[in-house]
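> Numbering (this note's numbering), first residue to last: 1296 to 1586.
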């Protein structure tokens, strides 16, 4: 959820298939943007996105980010989503619509000093634990009412975690990124406040939820602006042009920040093409897909 392109992905596909290896925390590209001021008032959309009968052990606004999978669907689960405009193309709008999300993540931190090495704290989660956490995060419905069709592909969760941390749950990068999904502390605070949560950035399971939540927020933010609320993160909709699909835009923004990708009045931008290519390759070729 940050930084340069070269920390975890390597230059060749063969190297992508090897075991994870921590490299230096400096990147070829600048740090990505992750948020303005935290909102001082209560979240405006979270209550609207919550199901009517939440499990008693969930935080009050957990439905805003998606509750745990349940065998008994809530009444709101059967509600039909609002119909979307009919689209004549799957590509982005040349002139985006104004963003529907006005509360945005904080700005990026300064790039780390060159030669800095990451540190570790706490206990490293096992591969099976990481796999379970990523699978759980991918299975969530993050916008149950306003955008129930937003789904984060498991391959995207696995590939992003591999690119960001090599599936190392206890790593702390030089720029402050923490854990499995390399969540920035300020971004975690913003998401917890925005969605009424209290996820612990140092817990590998919560870290996966935070990463999934950020991917889901980016999907809605960019999808509303450029894709007329068509939230499909489908590689088949992408062409050779990197700015042709929502999937590439969301991957780019996870690393570089929403403000560098989706800009009011301007075409969709992909400022970190190598990072996007790395994650896209990992979505089909990563050794982590077999864990």
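C-beta: ideal position from N, C-alpha, C; glycine also.
Please give me, in chain order, every unbroken run of the alpha helix (DSSP H) with length at least 4 that falls completely inside the region 1446-1483.
Counting only runs of 4 or more, we get 1449-1460.
> Tell me, please, which residues DSSP counts as bridged to residue 1415.
1466
> Which residue from 1523, 1549, 1474 and 1475 puts its Cα closest to that of residue 1511?
1549
> When DSSP labels each residue in this structure, what does residue 1545 get in the three-state scheme?
helix
> For residue 1452, which of 1387, 1542 and 1565 has the nearest alpha-carbon?
Comparing Cα-Cα distances from residue 1452 to each of 1387, 1542 and 1565, the minimum goes to 1542.
> Taking Cβ to Cβ, would you say residue 1476 is nearer than 7 Å to residue 1454?
no
> Output the distance between the C-alpha atoms of residue 1577 and residue 1393, rounded to the nearest integer angstrom.
32 Å
> Can you name the start and end residues of the alpha helix (DSSP H) that residue 1523 belongs to?
No alpha helix (DSSP H) contains residue 1523, which DSSP labels as neither H nor E.
> Please report the distance separating the alpha-carbon of residue 1527 from that of residue 1552.
20 Å
> How far does the alpha helix (DSSP H) with residue 1573 in it extend, from its first residue to its last?
First-last of the alpha helix (DSSP H) with residue 1573: 1568-1580.
> As a quick exercise: from 1480, 1564 and 1531, pick the residue whose alpha carbon is nearest that of residue 1391.
The shortest Cα separation from residue 1391 among 1480, 1564 and 1531 belongs to 1564.
> Compute the Euclidean distance between the alpha carbons of residue 1372 and residue 1445, then round it to the nearest angstrom.
Because the pLDDT of residue 1372 is 45, which lies under 50, any placement of that residue in the model is unreliable, and the question is left without a value.
> Between residue 1419 and residue 1463, which are expected to be in contact by the criterion C-beta below 8 Å, what is the C-beta distance as a whole number of angstroms?
6 Å
> With a threshold of 16 other CB atoms inside 10 Å of the CB of residue 1399, please say whether the residue is buried or exposed.
buried
> Contact defined as beta carbons within less than 8 Å: I believe residue 1496 pairs with residue 1478. What is the distance between those atoms, to the nearest angstrom?
5 Å
> Per the contact definition of three or more C-beta pairs closer than 8 Å, is the region 1505-1522 in contact with the region 1478-1491?
yes
> Provide the residue span of the alpha helix (DSSP H) that contains residue 1495, from first to last.
Element bounds for residue 1495: n/a, residue is neither H nor E.
> Consult DSSP for residue 1423 and reduce its assignment to one of helix, strand or coil.
Residue state for residue 1423 is assigned as helix, using DSSP reduced to three classes.
> Where does residue 1515 fall in DSSP's three states?
helix
> Would DSSP call residue 1501 helix, strand or coil?
helix
> Let me know the secondary structure DSSP gives residue 1563 once reduced to three states.
coil
> My assumption, with CB atoms under 8 Å, is that residue 1546 sits in contact with residue 1582. Please give the rounded CB distance.
Their Cβ separation, rounded to whole angstroms, is 19 Å, which puts residue 1546 and residue 1582 out of contact at 8 Å.
> Measure the C-alpha to C-alpha separation of residue 1435 and residue 1579 and round it to an integer number of angstroms.
Counting only the Cα atoms, residue 1579 lies some 22 Å from residue 1435.
> Considering residue 1408, what are the terminal residues of the alpha helix (DSSP H) in which it resides?
Where residue 1408 is concerned, there is no enclosing alpha helix (DSSP H), given that its DSSP letter is neither H nor E.
> According to DSSP, simplified to helix, strand and coil, what is residue 1533?
Here residue 1533 sits in coil by DSSP.
> Report the option in 1520, 1567 and 1524 whose CA atom is closest to the CA atom of residue 1558.
1520
> Label residue 1326 either buried or exposed according to how many other C-beta atoms from any shown protein chain fall within 10 Å of its C-beta, with 16 as the threshold for buried.
Only weak support is given to the placement of residue 1326: the predicted model assigns it a pLDDT of 39, under 50, and the value that follows is read from those uncertain coordinates. Residue 1326 comes out buried.
> Report all residues from its chain with a CB closer than 7 Å to the CB of residue 1572; omit the five preceding and five following residues, and keep chain order.
Around residue 1572, the same chain offers no residue with a beta carbon nearer than 7 Å, after the five sequence neighbours per side are excluded.
> Give the straight-line distance between the Cα atoms of residue 1408 and residue 1566, rounded to the nearest whole angstrom.
22 Å
> Report the three-state DSSP secondary structure of residue 1552 (helix, strand or coil).
Note: residue 1552 maps to coil in three-state DSSP.
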